[in-house]
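Peer 1: One structure coming up, written as structure tokens, with questions to follow.
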Amino acid sequence: MMRGSRLRQIGWAVVLSVCITGFVALTFRVNAVKSEVRLAERQLIALERETLLLETEFQTRANQQQLADWNRIEFGLSAPNADQYLENERQLASLGVPRGATAPEPIRVARAPVEGEESSFALMVSPLTGETLQPERSDGGNTGERRRSPMSAPSSLAERLSLDNPLERSIAELPE
Numbered sequence: 001m002m003r004g005s006r007l008r009q010i011g012w013a014v015v016l017s018v019c020i021t022g023f024v025a026l027t028f029r030v031n032a033v034k035s036e037v038r039l040a041e042r043q044l045i046a047l048e049r050e051t052l053l054l055e056t057e058f059q060t061r062a063n064q065q066q067l068a069d070w071n072r073i074e075f076g077l078s079a080p081n082a083d084q085y086l087e088n089e090r091q092l093a094s095l096g097v098p099r100g101a102t103a104p105e106p107i108r109v110a111r112a113p114v115e116g117e118e119s120s121f122a123l124m125v126s127p128l129t130g131e132t133l134q135p136e137r138s139d140g141g142n143t144g145e146r147r148r149s150p151m152s153a154p155s156s157l158a159e160r161l162s163l164d165n166p167l168e169r170s171i172a173e174l175p176e
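In the UniProt record's numbering, the protein residues as written are 1 to 176.
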């Protein structure tokens with residue numbers, strides 16, 4: 001009886017080890033298939049992105065061709081030729097014509113502010129009180145930091161947040 005019981009125990013151990021081995025092998029196989037599926041999904045996403053990129057490129061090139069046709073037909077424009085380019089600075093300078101004696105001053109679109117020069121612009125007027133708002137001046141450099149006027153553009157976010165709003169003072173002074 002002892003032999004049958006011992007043999008039965010060994011049989012159960014073998015069956016259990018076969019089941020565990022099968023479970024581990026099946027788990028590895030499932031993970032391998034999942035990995036292949038993820039790889040295939042990544043490849044599909046990459047192909048969809050590439051397809052979208054190529055469609056966009058195709059549409060862009062088609063629009064460029066359509067614009068080139070419109071420019072050529074409607075406006076008579078064409079791409080520049082090699083003889084339209086200048087070879088050096090002398091050719092560029094030869095195209096310039098000196099201003100005549102009665103010619104107006106050239107238009108300047110930007111200019112750096114000059115210290116001590118007064119602005120030719122009218123002063124700001126508060127819409128609430130009707131008083132002119134004077135730009136704040138530097139207080140002689142006592143604090144070491146330059147104070148900006150409300151009309152000048154602050155250079156950093158901290159300066160923009162620390163600026164006083166000139167209209168707040170006017171609102172506070174309104175008679176009720």
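Glycine included, each C-beta is placed from N, C-alpha and C at the ideal position. All values reported here derive from a predicted model rather than from experimental measurement.
Suppose you measure from the CA of Arg72 to the CA of Ser78; what does that come to, to the nearest Å?
Peer 2: If you number the sequence shown from 1, residue 72 lands on position 72. If you number the sequence shown from 1, residue 78 lands on position 78. Going by the C-alpha atoms only, they are around 6 Å apart.
Peer 1: Apart from the five residues just before and just after Glu145, which ones in its own chain have a Cβ nearer than 6 Å to its Cβ?
Peer 2: By one-based count along the sequence shown, residue 145 stands at place 145. Interpretation of Glu145 is limited by its pLDDT of 49, a score under 50 that renders its predicted location unreliable; no figure is taken from the coordinates.
Peer 1: For Thr129, does the three-state DSSP call read helix, strand or coil?
Peer 2: Taking the sequence shown and counting its residues from 1, the one referred to as residue 129 is at position 129. Residue state, collapsed to three classes: coil.
Peer 1: Could you give the first and the last residue of the continuous alpha helix (DSSP H) run that contains Ala93?
Peer 2: For this step, residue 93 is matched to residue 93 along the sequence shown. Residues Glu89 to Leu95.
Peer 1: Could you have a look at Asn142 and say whether DSSP puts it in helix, strand or coil?
Peer 2: Here the question's residue 142 lines up with position 142 in the sequence shown. For Asn142, the pLDDT reaches just 47, beneath the cut-off of 50, and the residue's location in the model is therefore unreliable, although a value from the coordinates is still provided. Reduced to three states, the DSSP call for Asn142 is coil.
Peer 1: What is the rounded straight-line gap between the Cα of Thr129 and the Cα of Glu105?
Peer 2: Here residue 129 is taken as the residue at index 129 of the sequence shown, counted from 1. Here residue 105 is taken as the residue at index 105 of the sequence shown, counted from 1. Their Cα atoms are separated by approximately 39 Å.
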